[in-house]
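According to our numbering, the stretch in the sequence shown is residues 33 to 137, in order.
Here is the structure we will look at.
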Amino acid sequence: MIPSFGAVIFSKGFNKILFGKFYTSNHFLVVYQQERRLEDGEVNMLDFTKGKADEGETDVECAVREINEEVGFNVRPCINEDHFIKVETIQGKFVKLFLVRDIDE
């Protein structure tokens, strides 16, 4: 299974977090998601910006590319390769999110 890489992006005061996606689905991850069930059983979710690595990409290169593609922001100067969280989702997928902080709004 191909892992996903991305980032949790915090504002300077740690009072805001950037979410890159908003979508509706019946399938969702327990970790990282804020969910709201709708009347029809669908779930609205927010998701951190992440995606699967291209062949030959490092974890950081993938995270930087995905964030740039999805939200148009270059986080490369802000990523510390040692600051991340890594989890296995309930579907058995692995997600590594770098912790990026002090970003101007």
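The C-beta atom is built at its ideal place from N, Cα and C for all residues, glycine as well.
Query, Result
"Extent of the continuous alpha helix (DSSP H) run through V96", "D91 to V103"
"Pairwise C-alpha distance: F126 and I34", "8 Å"
"Rounded straight-line distance, which links the Cα of H115 to that of V107", "13 Å"
"Distance, N47 Cα to F37 Cα", "23 Å"
"Beta-carbon contacts of K118 that lie in its chain and below 6 Å, excluding the five residues immediately before and after", "K128"
"Residue interval of the beta strand (DSSP E) (run including D114)", "Segment: none, D114 is in no beta strand (DSSP E) and carries neither H nor E."
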